[in-house]
Each structure stands twice: as structure tokens, then as C-alpha cells.
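First the structure, in the form of C-alpha cells, and then the observations on it.
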Amino acid sequence: MLHSLAGRPETHLQARMLTKLRDVGALSRAQLGEELAVSRTTVAAEVTRLTELGLAQEGGPAASRGGRRSTMVDLAEDLRFVGISVGATGLSVAVTDGRLAVLGVRSVPADVRLGPERVLQLALTELRALMESLEVTRLIGAGVGVPGPVDFHRGVPTSPPIMPGWDGYPVRDTLARELSCAVVLDNDVNLMAAGELHAGVARRASDFLFVKIGTGIGCGIVANGQLWRGVDGCAGDIGHIRVEEFGPTCACGNTGCLEAFAGGAALAREATAAARSGRSPALAARLEVTGELTAADIASAVAEGDAQAVQLIRDSGRRVGQVLAGLVSFFNPGLVVVGGRVTGLGHALLAEIRGVTYRRSLPLATGHLPIVLSELGDRAGVIGAARLASEAVYTPIGKERT
1 MLHSLAGRPE
11 THLQARMLTK
21 LRDVGALSRA
31 QLGEELAVSR
41 TTVAAEVTRL
51 TELGLAQEGG
61 PAASRGGRRS
71 TMVDLAEDLR
81 FVGISVGATG
91 LSVAVTDGRL
101 AVLGVRSVPA
111 DVRLGPERVL
121 QLALTELRAL
131 MESLEVTRLI
141 GAGVGVPGPV
151 DFHRGVPTSP
161 PIMPGWDGYP
171 VRDTLARELS
181 CAVVLDNDVN
191 LMAAGELHAG
201 VARRASDFLF
211 VKIGTGIGCG
221 IVANGQLWRG
231 VDGCAGDIGH
241 IRVEEFGPTC
251 ACGNTGCLEA
261 FAGGAALARE
271 ATAAARSGRS
281 PALAARLEVT
291 GELTAADIAS
301 AVAEGDAQAV
311 QLIRDSGRRV
321 GQVLAGLVSF
331 FNPGLVVVGG
341 RVTGLGHALL
351 AEIRGVTYRR
361 SLPLATGHLP
371 IVLSELGDRA
381 GVIGAARLAS
391 EAVYTPIGKE
401 RT
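Residues in the sequence shown are numbered from 1 upward in steps of one, following full-length UniProt numbering.
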């Protein structure tokens with residue numbers, strides 16, 4: 001299917017039609033003509049071609065607007081995309097329809113340090129089980145996200161700090177062979193940003209930042225409605241910005257990085273130290289029961305009013321806000337969305353990030369700047385992955401994307 005739109009001059013119009021149907025829903029031929037500024041004759045010819053390709057279908061007559069009724073057009077009802085989001089400690093797989101509505105999702109623990117073969121095999125096992133439960137036998141495209149820099153055009157991770165064995169591994173091509181469909185690979189934070197752009201709080205924003213706070217910390221940058229990846233695919237890798245001259249050693253090998261102070265692993269480390277030292281009775285009680293602490297345990301301790309847990313959140317939020325303030329002053333976004341697993345800490349963390357960002361940024365840049373939590377949660381990544389897959393299928397090959 002990826003190649004079925006390439007090589008003909010009309011493919012740009014077909015791509016625009018498919019994208020419009022994806023984002024808006026079923027439209028009449030007349031409405032498509034008006035939206036795309038082309039004649040009804042042209043629309044009819046291109047819809048016929050898309051129907052022959054199995055990408056679109058025609059329905060019944062549209063509501064009368066005077067004169068002869070137009071015909072409704074929609075995406076083919078059997079189109080299925082896949083989103084695979086690989087994180088540092090877990091992965092999720094989802095199947096969507098052509099409009100990217102999630103039909104089913106499965107999430108399992110997975111240690112990215114086990115290497116690409118084992119992690120991707122687990123993803124495929126979960127995906128096939130999900131497809132069987134949904135009675136899906138054919139995929140049109142798949143998007144995959146990993147927690148590290150990616151060469152988007154080659155479809156391989158590039159020097160990912162927390163992913164031993166993944167550097168240069170042909171993730172895209174491996175999965176394309178296994179799934180027999182078009183596959184795109186990107187950084188997991190970029191996919192979350194794409195998910196928010198499609199179905200989250202950023203769906204009406206053209207310029208925004210998506211800040212993921214999980215085991216690592218990253219930022220997806222959307223400018224003029226498009227993801228900005230940078231020359232080497234590491235744009236937005238804010239977790240490795242130094243916030244202190246000295247500090248814990250980061251996974252990247254440097255010291256004093258934001259991620260080493262405020263990432264999920266850092267929070268768990270500091271929470272465990274507070275529990276063992278007796279500074280936090282609430283965290284000590286949880287550690288005794290579970291044997292290890294997570295962001296969810298810190299959130300529970302905060303809800304109980306534990307002073308040490310509250311201080312942990314304030315310190316983390318302060319450092320994230322410190323970096324975000326510089327980004328806001330530089331990029332001047334219309335919206336900042338905060339997501340990731342650590343957002344189980346919710347409004348306590350968000351309040352600190354907001355306060356520091358607003359205090360340290362240029363007043364002009366923050367005068368009307370909302371900083372909000374993601375509404376999609378864990379689904380942001382898989383929806384964004386499916387969106388990028390749909391763009392690979394719906395957009396003519398050869399159209400360069402930054």
C-alpha cells in the first residue's frame with residue numbers, strides 16, 4: 001500500500017483526500033471538492049482510484065443541498081494501522097482503524113536493555129495476540145517508537161544512551177518484513193507529541209512542546225503542525241541538558257543532567273534513600289511492602305502529606321521548569337503538554353513546573369501559555385505511532401518531511 005500512491009502526478013491530491021477523511025471523517029464528494037479546491041469531476045476520478053486501491057469507499061447519498069445529491073466518501077472500513085511504543089521499562093501495542101481510533105491495546109513490562117531482538121519479539125507476540133482477538137488479518141502500516149535518538153530516514157536508532165545493543169539496529173526493516181506492511185520508526189517522545197496533535201489537548205495547536213517525564217526526560221517539538229527532529233534526530237533530548245555543575249552520573253556518561261536529577265529512576269533513587277534514612281515514614285512503609293519504590297508510591301505519599309515526598313516533587317519540578325523556561329523563551333510555543341509515566345504525580349508536579357517556568361521565562365512568551373497534563377496518558381505514543389504510519393501510507397513517497 002505504501003507504494004500504491006507513489007509515482008503518479010495525482011498522488012498529492014489523493015494524499016490530501018485521505019488525510020482529510022482521516023482527520024475530519026466522512027465527507028461528500030461536493031464537500032471534498034470545496035475543502036480541496038478542485039472540481040467534482042476531479043474528486044470523482046480520484047475517489048474511484050482510491051477505492052480501487054482499497055483505501056477509500058463510497059457510501060450513500062449525502063444530504064441534499066439543492067440539485068443533484070452528492071455521494072458520501074469515507075476511508076475503507078477495513079484499514080488497520082499498528083502503533084508500537086517501546087519505553088525503558090515497558091511497551092504497548094495498539095491496533096487502530098483508518099481514522100486512528102484505537103480498537104485495542106496491550107501493555108506489558110519490558111526492559112529495553114535486553115536488546116532489540118528480545119524486545120521486538122515480545123512486541124510482535126503481543127501484537128499478534130491482539131490482532132487475533134480483534135480478528136485483524138491485514139495491516140496497512142505500522143509506527144514504532146523507541147526511547148532514544150532515531151535516524152528517521154534509515155529507520156534505525158542512533159547512539160541511544162539507555163538502549164545497549166540497539167545502535168544501528170534495522171528496527172524498521174525488521175518489522176516491515178515481519179508485518180508485511182510499511183513501517184516508520186521514530187523517537188518515543190515524538191510519537192507522543194504526534195498523538196497529542198491528533199487526538200489530545202494539542203489537536204488545535206500548531207506550535208507546541210510535549211515534555212515526557214518517565215524513566216528518561218525528553219521533549220517533542222511541533223512547529224507549524226510538523227514534528228521537528230533536527231539534523232541527527234536528537235532534537236528535544238532535553239534530559240541531557242546539564243542543570244547542575246556536579247551531580248549523579250547520567251546514563252549518557254555526563255554528570256548533572258536533568259534526567260539524572262528529575263527522571264523516574266532518579267526519583268525512585270531519592271525516594272528509596274529517604275525511606276531508608278527514616279526521613280519519610282510513608283515511603284519507608286511502602287518500601288517494606290514492595291521492596292522498591294516507584295513514582296506511584298511517591299504520589300501516594302504526597303497525597304498523605306508526607307513532607308519528604310512533597311520536597312522530592314518540588315525539586316524535580318523545579319529542575320524541569322528551569323529547563324523548560326529556556327525552551328519557552330527560545331521557541332515561544334502556544335502550548336506545553338506534560339506527559340509520561342511520572343505524571344502519576346499529577347498536579348503536584350505540574351504546579352511546580354508551571355511556577356518555575358512562568359517565573360523564569362520572558363513574560364511575553366508566557367503571558368497566554370497553557371502548561372497542561374496530557375489527556376491521552378499511555379495511549380499518546382501508540383496513537384502517534386499510528387498517525388506517523390498513516391502519513392507514510394497516505395503521503396506520496398518523495399515528499400520530504402523534516
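Glycine included, C-beta positions come from ideal geometry on N, C-alpha and C.
- Of the other Cβ atoms in all chains shown, 16 or more fall within 10 Å of the Cβ of Ser374; this residue is therefore buried.
- The straight-line gap separating the alpha-carbon atoms of Thr357 and Leu324 is approximately 6 Å.
- Around the Cβ of Arg319, a 10 Å sphere holds 16 or more other Cβ atoms; the residue is buried.
- Contact annotation: Leu345 and Ile313 have beta-carbon atoms nearer than 7 Å.
- Note that the C-beta distance between Ala26 and Leu55 is not below 7 Å.
- Taking the CA atoms as reference points, Ala389 sits about 10 Å from Leu100.
- Secondary structure at Ile213: strand, using DSSP grouped into helix, strand and coil.
- Here Gly200 is actually not in contact with Ala385; their C-beta atoms are around 14 Å apart, not less than 8 Å.
- Boundaries of the beta strand (DSSP E) around Ile84: 81 to 86.
- Gln311 is not bridged by DSSP to any residue.
- Buried is the label assigned to Glu259, since at least 16 other Cβ atoms lie within 10 Å of its Cβ.
- Pairwise C-beta distances place the region 152 to 165 out of contact with the region 191 to 205, as fewer than three of them are shorter than 8 Å.
- Contact between Thr215 and Gly263 holds: CB atoms are separated by about 6 Å, below the 8 Å threshold.
- The beta carbons of Val112 and Val86 sit about 6 Å from each other, so the pair counts as a contact at 8 Å.
- Residue range 379 to 394 is occupied by the alpha helix (DSSP H) that includes Gly384, with no beta strand (DSSP E) assigned at that position.
- A distance below 6 Å between beta-carbons, with the five flanking residues on each side excluded, links Gln308 to the following residues of its chain, in chain order: Ala274, Arg279, Ser280.
- Counting along the chain, Pro281 sits inside the alpha helix (DSSP H) bounded by residues 281 to 290.
- For Gly145, the enclosing beta strand (DSSP E) has its first and last residue at 141 to 146.
- Residue environment analysis places His240 among the buried positions, since at least 16 neighbouring C-beta atoms fall within 10 angstroms of its C-beta.
- Under DSSP, Gly218 takes part in a beta bridge, and its partners are Lys212.
- Looking from the CA of Phe261, the closest CA among Glu244, Gly230, Gly253, Phe210 belongs to Glu244.
- Counted as a single uninterrupted DSSP element, the beta strand (DSSP E) harbouring Asp74 occupies residues 71 to 75.
- Residue pairing by DSSP places Leu335 opposite Phe208 in a beta bridge.
- Pairing Val211 with Gly326, the inter-Cα distance amounts to about 13 Å.
- In the DSSP assignment, Arg106 is bridged to Val93.
- Pro61: member of the beta strand (DSSP E) spanning 56 to 61, first to last residue.
- Between Gly115 and Gly165, the beta carbon gap of about 4 Å places them in contact (Cβ cut-off 8 Å).
- The three-state reading of DSSP puts Leu53 in coil, since its state is none of H, G, I, E or B.
- Counting along the chain, Ile371 sits inside the beta strand (DSSP E) bounded by residues 371 to 373.
- In the structure shown, Pro160 falls within a coil segment according to DSSP collapsed to helix, strand and coil.
- At the C-beta level, Val171 and Leu134 stay beyond 7 Å of one another.
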